[in-house]
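Engineer: Just dropping this structure here.
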Amino acid sequence: MGVSSFRVVTDSKALPSTMRALVVDTGSVPVAVRINTDREAREPRVDLRMVNSSRAAANPLMVATESDNTRITLRGESSSFLDWGRAGELTLVLPPDLARRLAVTTQQGNGVVLLNADLDQLIARTGNGEAVLRGSARRIEIHTENGDVVTRDPISVSESFSAQTSNGDIEVDLKDAAPRTVEAASENGDVIIAVPERGPYVVNASTENGQTAIRVPRATDRENAAAVITVRSANGDVIVDDLR
Numbered sequence: 020m021g022v023s024s025f026r027v028v029t030d031s032k033a034l035p036s037t038m039r040a041l042v043v044d045t046g047s048v049p050v051a052v053r054i055n056t057d058r059e060a061r062e063p064r065v066d067l068r069m070v071n072s073s074r075a076a077a078n079p080l081m082v083a084t085e086s087d088n089t090r091i092t093l094r095g096e097s098s099s100f101l102d103w104g105r106a107g108e109l110t111l112v113l114p115p116d117l118a119r120r121l122a123v124t125t126q127q128g129n130g131v132v133l134l135n136a137d138l139d140q141l142i143a144r145t146g147n148g149e150a151v152l153r154g155s156a157r158r159i160e161i162h163t164e165n166g167d168v169v170t171r172d173p174i175s176v177s178e179s180f181s182a183q184t185s186n187g188d189i190e191v192d193l194k195d196a197a198p199r200t201v202e203a204a205s206e207n208g209d210v211i212i213a214v215p216e217r218g219p220y221v222v223n224a225s226t227e228n229g230q231t232a233i234r235v236p237r238a239t240d241r242e243n244a245a246a247v248i249t250v251r252s253a254n255g256d257v258i259v260d261d262l263r
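One rule links them: number in the working numbering = place in the sequence shown (from 1) + 19.
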């Protein structure tokens, strides 16, 4: 399939201001998903820019709403050319007040997810792509087969943080008070978690092939601990450090 068999598609759709749960499902279409807040935005919206096959549907961006649940889906064709390149971006633009009450779930076959917002909850699943986190949430859960999980700046998570990858590093800095539970695991990669210096923490850290380092105040009693941290790697270093 030659380059002339592809076209650039742009689209933008308004989203309900009453939504409380949002699912973004890109299927096999390789796109980055960006989750942003905008103080100037009067209503939430989704913007799309992508390269698509000329044989695919002219309007690949679909939005469906039932009650306070909204679902965004992409229709497109996957190809080796699109998988190799950066085929497109899907951007959520959210007013800050709405974002703080919103639970977002992303499902991607190929593509990075980038959080730059304060949400209630983020659940992100991707087959091939990293998760890049900035902002805050009550709960964050990340699953990726091939990709890193990283924070560009320290993030604030109040209830629970979980990250799993089969092939990739996990490097996450948590600020303010650590969430009650922190779980991070990689089959092939380093796991490095930084938490606020004050604790103490119950820490369960293990690796089959690598170094283990714990540099935070430790507790043995879960009830008196600031958080319970469980980190492991099959092949890689495991480090729990204080946030400096």
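Note that the Cβ used here is the ideal one computed from N, Cα and C, for glycine as well.
1) Express the C-alpha separation of residue 156 and residue 181 in angstroms, rounding to a whole number.
2) Helix, strand or coil: which one does DSSP assign to residue 78?
3) My guess is that residue 187 and residue 172 are in contact by the Cβ rule of under 8 Å, so how many angstroms apart are they, rounded?
4) Could you pull the start and end residues of the beta strand (DSSP E) that residue 182 belongs to?
5) Less than 7 Å between the C-beta atoms of residue 230 and residue 204, yes or no?
6) Where do the ends of the beta strand (DSSP E) carrying residue 137 lie?
7) With C-beta atoms as the reference, is residue 124 less than 7 Å away from residue 52?
8) For residue 264, list the residues DSSP reports as bridge partners.
9) Are the stretch 250 to 257 and the stretch 216 to 233 touching, with three or more C-beta to C-beta distances below 8 Å?
10) Which value, in whole angstroms, describes the spacing of the CA atoms of residue 121 and residue 89?
11) Using DSSP with H/G/I as helix, E/B as strand and the rest coil, what is residue 104?
12) Can you have a look at residue 239 and say buried or exposed, based on whether 16 or more other CB atoms are within 10 angstroms of its CB?
13) Using a Cβ-Cβ cut-off of 6 Å (strictly less than) and excluding sequence neighbours within five positions of residue 143, which residues of its own chain qualify?
14) Alpha carbon to alpha carbon, how far is residue 114 from residue 209? Give it in angstroms, no decimals.
15) For residue 67, which residues does DSSP report across the bridge?
16) DSSP has residue 228 in a bridge; who is on the other side?
17) Tell me the start and end of each unbroken beta strand (DSSP E) in the stretch 37 to 64 that is at least 3 residues and wholly inside, in chain order.
18) Counting along the chain, where does the beta strand (DSSP E) carrying residue 204 start and finish?
Structural biologist: With the structure as the only source:
1) Numbered from its first residue, the sequence shown carries residue 181 at position 162. Numbered from its first residue, the sequence shown carries residue 156 at position 137. Between the alpha carbons of residue 181 and residue 156 lies a gap of roughly 12 Å.
2) Against the sequence shown, residue 78 aligns to sequence position 59. DSSP places residue 78 in the coil class of the three-state scheme, outside both helix and strand.
3) Indexing the sequence shown from 1 puts residue 187 at position 168. Indexing the sequence shown from 1 puts residue 172 at position 153. With a Cβ gap of about 20 Å, residue 187 and residue 172 do not count as contacting.
4) The sequence position of residue 182 within the sequence shown is 163, counting from 1. Where residue 182 is concerned, the enclosing beta strand (DSSP E) starts and stops at 175 to 186.
5) Position 211 of the sequence shown, counting from 1, holds the residue named residue 230. Position 185 of the sequence shown, counting from 1, holds the residue named residue 204. The criterion of a C-beta distance shorter than 7 Å is not satisfied by residue 230 and residue 204.
6) Here the question's residue 137 lines up with position 118 in the sequence shown. 132 to 137 is the span of the beta strand (DSSP E), which, as asked, contains residue 137.
7) Residue mapping note: residue 124 aligns to position 105 of the sequence shown, counting from 1. Residue mapping note: residue 52 aligns to position 33 of the sequence shown, counting from 1. Cβ distance not < 7 Å, so residue 124 and residue 52 don't count as in contact.
8) A query on residue 264 cannot be resolved here, the shown segment of the chain reaching from 20 to 263 and no further.
9) Result yes; three or more Cβ-Cβ pairs closer than 8 Å.
10) Counting from one through the sequence shown, the residue named residue 121 turns up at place 102. Counting from one through the sequence shown, the residue named residue 89 turns up at place 70. Taking the straight line from one Cα to the other gives about 11 Å.
11) To locate residue 104, count along the sequence shown from 1; it is residue 85. With a pLDDT of only 43 at residue 104, under 50, the local geometry of the prediction cannot be trusted, and the value read off the model is given with reservation. DSSP places residue 104 in the coil class of the three-state scheme, outside both helix and strand.
12) Reading the sequence shown from its first residue, position 220 is the one you call residue 239. Residue environment: residue 239 is assigned as exposed (fewer than 16 neighbouring CB atoms within 10 Å of its CB, all protein chains considered).
13) By one-based count along the sequence shown, residue 143 stands at place 124. Once the five neighbours on either side are set aside, the close Cβ partners of residue 143 are 125, 132, 150 and 161.
14) Position 190 of the sequence shown, counted from the start, is the residue given in the question as residue 209. Position 95 of the sequence shown, counted from the start, is the residue given in the question as residue 114. Put simply, the backbone Cα of residue 209 is about 35 Å away from that of residue 114.
15) For the purposes of this step, residue 67 is taken as residue 48 along the sequence shown, with counting starting at 1. Beta-bridge partners assigned by DSSP to residue 67: 30 and 109.
16) Here residue 228 refers to the residue found at position 209 when the sequence shown is read from its first residue. Residue pairing of residue 228 in beta bridges, as defined by DSSP: 254.
17) Within the stretch 37 to 64, the complete beta strand (DSSP E) runs of at least 3 residues are 40 to 46 and 51 to 56.
18) Translated into the one-based positions of the sequence shown, residue 204 becomes position 185. It spans 200 to 207 - the beta strand (DSSP E) in which residue 204 sits, taken as one unbroken run.
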